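Just below is one structure, and these are the notes that go with it.
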Amino acid sequence: MNFIKEFEEKVKNNIEEYNLANKKDKIMVACSGGKDSTATLYLLKKFGYNVEALIIDLLIGDWSDKSLENVKTFCKKYKIKLHVINMRKEFGSSICHIRSSVQSKTKLSDCAICGVIKRWLLNKKARELKAVKLATGHNLDDEVETILMNNFKGNPGLNINLGPKTGIVNSKKFIQRIKPLYFLTNKEIKKYSIAMKFPVMYEPCPCSKAAFRNDVRKFISDMEKQYPKIKINIIENFLRIRDDLRKSYKSDKKLKSCEICNEPSRKNICRRCELIQILK
Numbered sequence: 001m002n003f004i005k006e007f008e009e010k011v012k013n014n015i016e017e018y019n020l021a022n023k024k025d026k027i028m029v030a031c032s033g034g035k036d037s038t039a040t041l042y043l044l045k046k047f048g049y050n051v052e053a054l055i056i057d058l059l060i061g062d063w064s065d066k067s068l069e070n071v072k073t074f075c076k077k078y079k080i081k082l083h084v085i086n087m088r089k090e091f092g093s094s095i096c097h098i099r100s101s102v103q104s105k106t107k108l109s110d111c112a113i114c115g116v117i118k119r120w121l122l123n124k125k126a127r128e129l130k131a132v133k134l135a136t137g138h139n140l141d142d143e144v145e146t147i148l149m150n151n152f153k154g155n156p157g158l159n160i161n162l163g164p165k166t167g168i169v170n171s172k173k174f175i176q177r178i179k180p181l182y183f184l185t186n187k188e189i190k191k192y193s194i195a196m197k198f199p200v201m202y203e204p205c206p207c208s209k210a211a212f213r214n215d216v217r218k219f220i221s222d223m224e225k226q227y228p229k230i231k232i233n234i235i236e237n238f239l240r241i242r243d244d245l246r247k248s249y250k251s252d253k254k255l256k257s258c259e260i261c262n263e264p265s266r267k268n269i270c271r272r273c274e275l276i277q278i279l280k
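Residues 1 to 280 in our numbering are what the sequence shown lists, from first letter to last.
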């Protein structure tokens, strides 16, 4: 079996084994213009799923312009409906301005601030567009890094939200996330993307300066040289204990509605609105 066929079979098996979606579901794919989300969009479309693309224009200069151009080119070629969210229209400014303003008053990292805003926007827009699932390009490396970061910080309870799909939550406002590339490594996805000649950017976001994640990534890379199966071993072990972890941390607790924006939240005020309050 050649690499491309083997790669695609691996993704297909993940979707089927973990029941990530069915052909009747309307799936919104969160796109960035990079290899992971583009491969996710392509494969879901190829496998016959009802997909549309959703991208947030973060207004990070040339990087955002090129990313948006790539997604538009790809969606036009494969006849996929594309929805573009503009940061200035939604928040009145670019992500860089929001980040700088928040960081002048807090110690939150660039990626933490951007992540809060993107998750809030993607969930809200996917729901408004009547999507049943929100697919992301998160891969094996991403998941391993996050699991270890949460454990190293002493917050293993945060891992209850991880896995090939988010846990079932009792909120009609929350769109379930799915990760078709869950068992594929960063290297495999890059090799696939290059082989398929996808119009994508391989450069990381210019604002990405997550020192802790980079340290964890280096730690995993160093360990992998001595223990080649360390990543998949971490994931398989996590999936074995995930249900027990969710019971321990009571993940069946109902989500609340944010008192300010009315979007789903674990607290009375969602993290996005906490950021907005900091800006005022």
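Even for Gly, the Cβ is constructed at its ideal location relative to N, Cα and C.
Since the model is a prediction, treat every value here as computed from it, not as a measurement.
Residue from the options whose Cα sits closest to the Cα of residue i
| i | options | result |
| --- | --- | --- |
| Leu330 | Thr166, Gln103, Cys111 and Ser171 | Not covered by the structure: residue 330. The range shown for the chain is 1 to 280. |
| Met87 | Cys75, Ile55, Lys79 and Thr106 | Ile55 |
| Lys46 | Lys77, Thr73 and Asp65 | Lys77 |
| Arg213 | Ala131, Lys197, Arg99 and Lys153 | Lys153 |
| Lys247 | Phe91, Ser100 and Leu158 | Leu158 |
| Ser94 | Ile113, Gly33 and Lys229 | Ile113 |
| Asp290 | Cys205, Asp244 and Asp215 | The displayed coordinates of the chain run from 1 to 280. Any statement about residue 290 would go beyond what the structure contains. |
| Lys231 | Asp142, Asp215 and Ala53 | Asp142 |
| Asp57 | Cys31, Phe7 and Lys173 | Cys31 |
| Glu203 | Trp63, Asn262, Ile27 and Val216 | Trp63 |
| Val144 | Cys258, Ile220 and Pro199 | Ile220 |
| Ile60 | Lys35, Leu129 and Arg99 | Arg99 |
| Ser257 | Lys172, Ile235, Lys218 and Gln277 | Lys172 |
| Met149 | Val216, Asn123 and Ser101 | Val216 |
| Cys75 | Lys124, Phe198 and Ile147 | Phe198 |
| Ile160 | Met201, Asp244 and Glu6 | Asp244 |
| Phe7 | Tyr227, Leu44, Val200 and Leu184 | Leu184 |
Continuous alpha helix (DSSP H) stretch holding residue i: start and end
| i | result |
| --- | --- |
| Asn233 | Ile230 to Ser248 |
| Asp141 | Leu140 to Phe152 |
| Asn13 | Phe3 to Glu17 |
| Ile178 | From DSSP, Ile178 is part of no alpha helix (DSSP H) but of the beta strand (DSSP E) over Gln176 to Ile178. |
| Phe183 | Per DSSP, Phe183 belongs to no alpha helix (DSSP H) and is neither H nor E. |
| Ala21 | Note, Ala21: premise wrong, no alpha helix (DSSP H); not H, not E. |
| Leu158 | No alpha helix (DSSP H) holds Leu158; DSSP gives it neither H nor E. |
| Leu68 | Gly61 to Lys77 |
| Ser208 | First-last for Ser208: undefined, no H or E at that position. |
Residue i: first and last residue of the uninterrupted beta strand (DSSP E) it sits in
| i | result |
| --- | --- |
| Asn268 | It is not in any beta strand (DSSP E) - Asn268 carries neither H nor E in the DSSP assignment. |
| Lys133 | Lys133 to Ala135 |
| Asn86 | Leu82 to Asn86 |
| Ile98 | Not the beta strand (DSSP E): Ile98 falls in the alpha helix (DSSP H), residues Ile95 to Gln103. |
Exposure label - residue i; buried when at least 16 CB within 10 Å
| i | result |
| --- | --- |
| Tyr192 | buried |
| Glu188 | buried |
| Ala211 | exposed |
| Tyr49 | buried |
| Arg266 | exposed |
| Asn233 | exposed |
| Gly92 | exposed |
| Ile15 | buried |
| Tyr182 | buried |
| Ala195 | exposed |
| Phe3 | exposed |
| Ser104 | exposed |
| Met223 | exposed |
| Val35 | Going by the sequence as given, residue 35 is Lys instead of Val. Per the 10 Å Cβ criterion, buried. |
| Pro228 | exposed |
| Lys81 | exposed |
Residue(s) in a DSSP beta bridge with residue i
| i | result |
| --- | --- |
| Cys31 | Ile55 |
| Lys125 | Paired residues: none, contrary to the question. |
| Lys26 | Asn50 |
| Met201 | Gly34 |
| Ser257 | Pro264 |
| Lys172 | For Lys172, which the question treats as bridged, DSSP gives no partner whatsoever. |
| Lys130 | In DSSP, Lys130 forms no bridge with anything. |
| Lys165 | Ile178 |
Contact test: residue i Cβ vs the ligand ATP heavy atom, cutoff 6 Å
| i | result |
| --- | --- |
| Gly157 | The ligand ATP is not among the ligands present in this structure, which contains no ligands whatsoever. |
Any chain D beta carbon closer than 7 Å to residue i
| i | result |
| --- | --- |
| Tyr192 | Structure shown: chain D not included; a single protein chain is present. |
If you pair each beta-carbon of the segment 37-48 with each one of the segment 104-119, do three or more pairs fall below 8 Å?
-> no
Taking three-plus beta-carbon pairs below 8 Å as touching, is the segment 122-141 in contact with the segment 176-188?
-> yes
Evaluate contact between the segment 117-130 and the segment 267-279, counting only Cβ atoms and requiring at least three cross-stretch pairs below 8 Å.
-> yes
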